[in-house]
Amino acid sequence: MSITQAATGFVGWWANIARAVWTTVKALRVTLGTWFGTYNPRRRTFTHLYEYPEKPAVIAPRFRGFHRYDLTTCIGCDRCARDCPVDCIYISKERVPGRKGFRVTSFVIDYTKCMFCAFCTENCPVDCIFMGSTYDLSCYLRDGCLVDFAKLPLEVAWGQATLNPTAVALSKYVTEPVDEGPGATQ
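Per the working numbering, the sequence shown starts with residue 1447, numbered consecutively.
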């Protein structure tokens, strides 16, 4: 019976049940055939191959990990925040009297929304933000995924040290940005 010919009544009801059972049997046959065909009892798990987290996993050269940000070269143009398709970059800046440009007071990336597309890095006129190779930012609360790069220690923000949850948590207690910028009065 074709799909266009709908059986009615009691016979049609049993025909629908038989078609549903036959479709399920065909799908299970494909699934189980693939599973048994690829089953290898000697295959090791991911942790046996890479010994993660004791040794870091191998990363491809073009891997797009967590961002690296250089506060000293950022001009506060907001281009990265405008180019972000999910609006996960928040920039606060203030005009500094006696100087040209802005002082970035806060550069926050919300990693609960970021999809690591690298659109923010492509159009930066001074290349102050780029994709790093850090891939592990584990935390227990969502607040730990809000990273303010302007308040991080410079070696963490520049990617010379790891972006770990401890550094992110400690940066939330800092009230002023780390770098005042060139020409700032002491």
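Every residue gets a Cβ at the ideal spot worked out from N, C-alpha and C, and that includes glycine.
At the level of alpha carbons, what is the spacing between residue i and residue j?
i, j, result
"L1478", "K1472", "10 Å"
"R1558", "S1579", "A small correction: the amino acid at residue 1558 is Thr; Arg does not occupy that position in the sequence shown. Going from the Cα of T1558 to the Cα of S1579 covers about 18 Å."
"P1507", "M1577", "11 Å"
"C1523", "H1513", "18 Å"
"Y1581", "L1517", "21 Å"
"G1547", "C1591", "29 Å"
"C1526", "G1544", "26 Å"
"D1529", "T1551", "20 Å"
"N1569", "R1588", "28 Å"
"R1489", "I1521", "52 Å"
"R1465", "G1458", "10 Å"
"K1539", "R1510", "27 Å"
Taking 7 Å as the limit between beta carbons, can you name the residues of its chain near residue i, skipping five residues before and five after?
i, result
"A1563", "Per the sequence shown, the amino acid found at residue 1563 is Cys instead of Ala. Excluding residues within five positions, the ones whose Cβ falls inside 7 Å are P1531."
"C1534", "I1555, D1556, K1559, C1560"
"C1566", "C1526, D1529, C1530, I1535, I1575"
"A1503", "Y1496"
Are there 16 or more other CB atoms within 10 angstroms of the CB of residue i, so buried, or fewer, so exposed?
i, result
"K1597", "buried"
"H1494", "exposed"
"D1594", "buried"
"Y1496", "exposed"
"Y1485", "exposed"
"Y1586", "exposed"
"I1575", "buried"
"I1463", "exposed"
"I1537", "buried"
"F1553", "buried"
Which residues does DSSP list as the beta-bridge partners of residue i?
i, result
"S1538", "S1552"
"L1407", "No answer is possible for residue 1407: the residues shown for the chain start at 1447 and end at 1632."
Verify the contact flag: residue i, CB atom, against every heavy atom of the ligand ADP, threshold strictly below 7 Å.
i, result
"R1490", "What this structure holds is no ligand at all, so the ligand ADP is not there to describe."
Starting from the C-beta of residue i, find all residues in its chain whose C-beta is less than 6 Å away, skip the five residues before and the five after it, and write them out in chain order.
i, result
"V1542", "R1549"
Within 8 Å (strictly less), CB to CB, does residue i reach chain B?
i, result
"C1534", "This model lacks chain B altogether; it includes just one protein chain."
Uninterrupted beta strand (DSSP E) stretches inside the stretch 1548-1574 (no shorter than 3 residues) = 1548-1556
message = Could you tell me which whole alpha helix (DSSP H) segments of length 4 or greater appear in the stretch 1464-1511?
response = The alpha helix (DSSP H) runs lying completely inside the stretch 1464-1511 and spanning 4 residues or more are 1492-1496, given in chain order.
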